[in-house]
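Trainee:
Residue numbers (my numbering): 101 to 269.
Below, the structure written as structure tokens:
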């Protein structure tokens, strides 16, 4: 709803155009960085679930599922806005990167609660495997969080450049 209202308000003032989009994507290295970070943000959690599935099972998928659903929702929103030529296109990555960071925080909190629930369990090889898998999931969430911050800040720097690049277009 927010994007619909924003599009209706901005449409007369800010039209979607390839020239305006090229202000962001035309800068050297942005597209390759965007493809790398997007791929990494999706593949790293999937790989972590694949590796930890035999040990953790469903909790690994529960921790990563909302994050991946957010990535899919962003793709759906971006394709819909591009198809309609909406002027609210810069808001989608900003909103979803903040949401992605929130989901990573919730996933890490979920895994930490599982770890704290195991603190009174006697030490066994199974417990060591589970705790190692949970630590691997936490490290994955931290690395993906750093990549999300990187891509979010890169987008903001491209949207609001420190030097006037608009004169070139």
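Virtual Cβ for every residue (Gly too), placed ideally from N, Cα, C.
1) Within a Cβ cutoff of 6 Å, which residues of the same chain sit near residue 155, ignoring the five residues on either side of it in sequence?
2) If we ignore side chains and look at the alpha-carbon of each, how far apart do residue 137 and residue 217 end up?
3) Between which two residues does the alpha helix (DSSP H) holding residue 252 run?
4) Inspect the CB distances between the region 243-261 and the region 140-156 and report whether three or more fall short of 8 Å.
5) Residues in the same chain with beta-carbon distance under 8 Å from residue 192, minus the five sequence neighbours each way, listed in chain order, please.
6) Can you tell me the Cα-Cα spacing of residue 227 and residue 132, whole angstroms?
7) Grouping DSSP H, G and I as helix and E and B as strand, with all else coil, what is residue 215?
8) Indicate the three-state DSSP secondary structure (helix, strand or coil) for residue 192 in the structure shown.
9) Would you say residue 200 and residue 241 are within 8 Å of each other, going by their C-beta atoms?
10) In whole angstroms, give me the CA-to-CA distance for residue 197 and residue 255.
11) Take residue 253 and list the residues in its own chain whose beta-carbon comes closer than 6 Å to its own, dropping the five residues that flank it on each side.
12) Compare the beta carbon distance of residue 237 and residue 163 with 8 Å and say whether it is the shorter of the two.
13) Using three-state DSSP, classify residue 186 as helix, strand or coil.
Mentor: A quick look at the data gives this:
1) 229, 230, 233
2) 33 Å
3) 225-259
4) yes
5) Around residue 192, the same chain offers 103, 174, 177, 178, 181 as residues with beta carbons nearer than 8 Å, after the five sequence neighbours per side are excluded.
6) 41 Å
7) Here DSSP, grouped into helix, strand and coil, assigns residue 215 to helix.
8) helix
9) no
10) Distance between the alpha carbons of residue 197 and residue 255: 10 Å.
11) For residue 253, there are no CB contacts under 6 Å within the same chain when 5 residues up- and downstream are skipped.
12) yes
13) coil
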